[in-house]
Amino acid sequence: MPVRHAMNSPVALRESAVLVPVFRNAAGEATLVLVRRGDFGVHGGQLAFPGGKRDPTDASLLATALRETEEEVGLPAAAIEVLAALPPIQTRTSGFHIAPFLARVAPPPTWRFAQPEIAEVLEVPLPHLADPANAGQELWAFPGQPVPELISFWRIGPHYLWGATHRMLQPLLPRLLAGEWEI
1 MPVRHAMNSP VALRESAVLV PVFRNAAGEA TLVLVRRGDF GVHGGQLAFP
51 GGKRDPTDAS LLATALRETE EEVGLPAAAI EVLAALPPIQ TRTSGFHIAP
101 FLARVAPPPT WRFAQPEIAE VLEVPLPHLA DPANAGQELW AFPGQPVPEL
151 ISFWRIGPHY LWGATHRMLQ PLLPRLLAGE WEI
């Protein structure tokens, strides 16, 4: 079971941004790119979109998402076409305000990712996420919480996609599957 790390309520949310990269795989399926974070830190081992906190030198949150994507998975801005700014979300435990950006990408033949920050890059066809057999809800107990919490997730191999990434993707998935954007 994934781990949620306890944190006091943040005074001010920290700005961050992620890229939600999509492309058509060799079989023609719309495919999502996720990273599995290295096994350390607040979000260690979790599946996420490439991204991170805003640096003072970033001109915008989109610049943050593009910079972090290149740093984490080696995808340069020239291989990215931003399709939409998506509704921002807030993390409940780590104090981030996250601005997601949907982008069509040209994936490299082999992903070059920043270890140990990134443990692996996953290419997940959207039909996998649309299959009810891969979705679930369970009561999970977290350190510092007196009662278990009902968590929604998708299973991706041995991993769970849950939390902030799940909350970003849940309303987006039907729109992607309906072809709202050309992928």
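The sequence shown maps to residues 1 to 183 in the UniProt record's numbering.
Beta carbons are placed, not taken as given, at the ideal position from N, Cα and C, and that holds for glycine.
All values derive from a computational prediction rather than experimental measurement.
My guess is that residue i and residue j are in contact by the Cβ rule of under 8 Å, so how many angstroms apart are they, rounded?
i, j, result
"Gly51", "Ser16", "6 Å"
So what does DSSP say about residue i, is it helix, strand or coil?
i, result
"Gln170", "helix"
"Glu182", "coil"
"Arg36", "strand"
"Val73", "helix"
"Leu13", "coil"
"Arg175", "helix"
"Glu123", "strand"
Excluding five sequence neighbours on each side, which residues of the same chain lie with their C-beta closer than 6 Å to the C-beta of residue i?
i, result
"Gly38", "Pro116, Glu117, Ala119"
"Val3", "Residue placement at Val3 is flagged as unreliable, the pLDDT there being 47, under the threshold of 50; a coordinate-derived value is accordingly withheld."
Relative to the alpha-carbon of residue i, which residue among the options has its alpha-carbon at the smallest distance?
i, options, result
"Ala48", "Ala26, Glu68, Asp58", "Glu68"
"His128", "Glu70, Ala65, Thr110, Val33", "Val33"
"Ala106", "Pro56, Val82, Gln90, Asp55", "Val82"
"Ala85", "Asp131, Ala63, Thr93", "Ala63"
"Ala26", "Leu172, Leu173, Pro109, Asp131", "Pro109"
Does the beta-carbon of residue i have 16 or more other beta-carbons within 10 angstroms, so that it is buried, or is it exposed?
i, result
"Leu66", "buried"
"Arg112", "exposed"
"residue 185", "No information on residue 185 is available, as it lies outside the stretch 1 to 183 that the chain covers here."
"Glu72", "buried"
"Pro21", "buried"
"Ala164", "buried"
"Arg175", "exposed"
"Leu150", "exposed"
Which same chain residues end up closer than 8 Å to residue i when comparing Cβ atoms and leaving out the 5 residues on each side of it in sequence?
i, result
"Ser152", "Ala135, Gly136, Gln137, Trp162, His166, Gln170"
"Pro88", "His97, Ile98, Ala99, Pro100"
In chain order, what residues of the same chain have a beta carbon less than 7 Å from the beta carbon of residue i, not counting five sequence neighbours either side?
i, result
"Val124", "Thr31, Leu32, Leu34, Ile156"
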